[in-house]
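Protein chains in written order, with the working numbering: chain A, 1 to 111; chain B, 1 to 124. Don't be surprised by glycine CBs; every beta carbon is placed ideally from N, CA and C. None of the values given here were measured: they were computed from a predicted structure.
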Amino acid sequence: QSALTQPASVSGSPGQSITISCTGTSSDVGAYNYVSWYQQHPGKAPKLIIYDVSDRPSGVSYRFSGSKSGNTASLTISGLQAEDEADYYCNSYTSSSTPYVFGTGTKVTVL
Amino acid sequence: QVQLVESGGGLVKPEGSLRLSCAASGFTFSDYYMSWIRQAPGKGLEWISYISFTGSTIYYADSVKGRFTISRDNAKNSLYLQMNTLRAEDTAVYYCARGGRHCGGGSCFWFDPWGQGTLVTVSS
């Protein structure tokens with residue numbers, strides 16, 4: 001099971017919106033609405049920010065939103081803030097023998 | 001509050017064994033599937049295993065199948081990972097996380113929260 005494909009890095013200025021893509025296959029992202037996104041600051045544990053493609057856990061900023069089209073899921077961060085600088089990982093349930101696969105990770109830089 | 005605390009990491013020689021523990025608090029442990037996820041130094045996340053409420057259903061990533069064993073003790077609110085025949089490529093921070101498929105009558109195809117992680121280093 002190969003990792004989902006994410007851009008290595010994305011950057012934006014404060015206040016701007018950025019979008020991170022997560023490309024999989026018809027056996028994972030395209031097959032299920034079980035895509036989740038995680039934010040990880042340096043030296044910290046990952047934190048769930050989006051689940052089931054587009055749902056936000058309680059306490060997560062409305063500036064984070066998720067969507068999916070075909071085999072590609074996306075995370076959009078609107079009104080970019082300095083605290084959003086972190087690594088972001090997508091994850092999908094899969095139909096393979098390994099039930100979950102993570103994305104390759106994207107480093108978000110706030111300029 | 002919901003909390004997961006891992007322990008048991010350390011330095012181990014190749015082919016050696018190690019047992020990780022994860023102590024859960026702040027929620028009904030037996031109502032959740034639980035997972036182990038790892039992250040090699042400077043690398044991305046890798047899901048490695050999940051276990052159902054009672055341990056009747058278990059899945060592993062191909063990379064650890066046959067070498068690692070996940071288990072749980074609901075009476076002790078604890079999750080475990082027995083790691084045998086360790087290799088250099090198993091060097092990573094190991095996280096336990098709540099979630100994996102089902103939770104209290106619903107679905108939990110996500111991982112939340114995560115523990116702080118415990119570092120396993122496999123080296124001679």
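Listed in chain order, the beta strand (DSSP E) elements of length 3 or more contained wholly in the region 66–103 of chain B are 68–73, 78–83 and 92–103.
Out of B:Ser17, B:Ser123, B:Asp73 and B:Val122, the CA that lies nearest to the CA of B:Asp31 is found in B:Asp73. Residues of the same chain with a CB within less than 7 Å of the CB of A:Val10, apart from the 5 flanking positions on each side, are Ile18, Ile20, Thr106 and Val108 in chain order.
Using a Cβ-Cβ distance cut-off of 8 Å, the region 103–115 of chain B and the region 42–49 of chain A are in contact, since at least three pairs of beta carbons, one from each stretch, lie closer than that value. Taking a C-beta distance under 8 Å as the contact criterion, B:Leu4 and B:Val120 do not qualify as a contact pair. Comparing alpha carbon positions, the residue from A:Gly30, A:Ala31, A:Asn33 and A:Tyr38 closest to A:Gly103 is A:Tyr38. Judged by DSSP in its simplified three-state form, B:Phe27 adopts coil rather than helix or strand. When DSSP states are grouped into helix, strand and coil, A:Ala82 belongs to the helix group.
Here DSSP, grouped into helix, strand and coil, assigns A:Arg56 to coil. Relative to the Cα of A:Arg56, the nearest Cα in the group A:Ser69, A:Gly43, A:Ser13 and A:Thr76 belongs to A:Thr76. Distance between A:Gly24 and A:Asn71, taken at the CA atoms: about 5 Å. Selection A:Gly15, A:Asp28, A:Gln6 and A:Gly12 evaluated against A:Pro99 yields A:Asp28 as nearest (Cα-Cα).
A buried status is given to B:Val64, since no fewer than 16 other beta-carbon atoms sit within 10 Å of its beta-carbon.
When secondary structure is reduced to three states using DSSP, A:Tyr62 falls in the coil class, being assigned neither helix nor strand.
Taking a 10 Å sphere around the C-beta of B:Ile58, we find fewer than 16 other C-beta atoms and assign the residue as exposed.
Under the three-state reduction of DSSP output, B:Trp110 falls in the coil class, being neither helix nor strand. A straight line joining the alpha-carbon of A:Gly59 with that of B:Trp114 spans about 16 Å. A:Val101 counts as buried, since no fewer than 16 other beta carbons sit within 10 angstroms of its beta carbon.
Restricted to the region 2–46 of chain A, the beta strand (DSSP E) segments that are unbroken, complete and at least 3 residues in length are 9–12, 18–23 and 35–40, listed in chain order.
At a cut-off of 8 Å, the C-beta of B:Gln1 has no neighbouring C-beta in chain A. In this structure, DSSP gives A:Asn91 an extended state, which the three-state scheme calls strand. Counting only residues of its own chain and dropping the five nearest sequence neighbours on each side, B:Gly8 has a CB closer than 7 Å to the CB of Leu18, Arg19, Leu20, Ser21 and Thr118.
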